[in-house]
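What follows is a set of notes on a single structure, which appears directly below.
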Amino acid sequence: MISDSRVIGLFRKSRFAAEIVPGARFRHISSKVIETAEVLAITADPMGIPHVRFTVVIESRYRSPVETGPRMLNLQSFTERFSDPVHSA
């Protein structure tokens with residue numbers, strides 16, 4: 440895990456990075472599927488690049504939802520792919 444002070448600096452460039460915390464959920468919607476990512480952790484690699492560790496549930500109207508195991512993307516790629524925050528009801 441990375442320290443709180445470093446996390447703040449790493450997130451300044453992301454438009455919703457303050458919301459990227461363990462347990463937060465984000466979606467990517469395409470024409471045929473909805474991918475919902477749940478953040479497990481935020482870590483930095485040896486070069487200091489922040490990464491998001493997450494699971495994904497893939498939903499389609501043609502199949503039952505499928506949950507995939509842990510994945511990891513750098514923070515920028517994660518925010519580009521999963522740009523729609525899911526707010527709790």
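In my numbering, the protein residues as written are 440 to 528. Each residue gets a CB set at the ideal place from its N, CA and C atoms; glycine is no exception. Just so it is clear, the structure is predicted and the values come from calculations on it, not from any experiment.
- For F517, the enclosing alpha helix (DSSP H) has its first and last residue at 514 to 520.
- I459 counts as buried, since no fewer than 16 other beta carbons sit within 10 angstroms of its beta carbon.
- Within the same chain, Cβ atoms closer than 6 Å to the Cβ of V496 are found at T475, P504, E506, the five residues on either side in sequence being excluded.
- For R492, the uninterrupted beta strand (DSSP E) run begins and ends at 489 to 499, by DSSP.
- Taking A463 as reference, the option from Q515, R510, F493 with the minimal CA-CA separation is F493.
- By the Cβ-count criterion, P524 is exposed, with fewer than 16 other Cβ atoms from all chains shown falling within 10 Å of its own Cβ.
- A476 is bridged by DSSP to F465, V495.
- When G487, S469, R500 are compared, the shortest CA-CA separation from N513 is found for G487.
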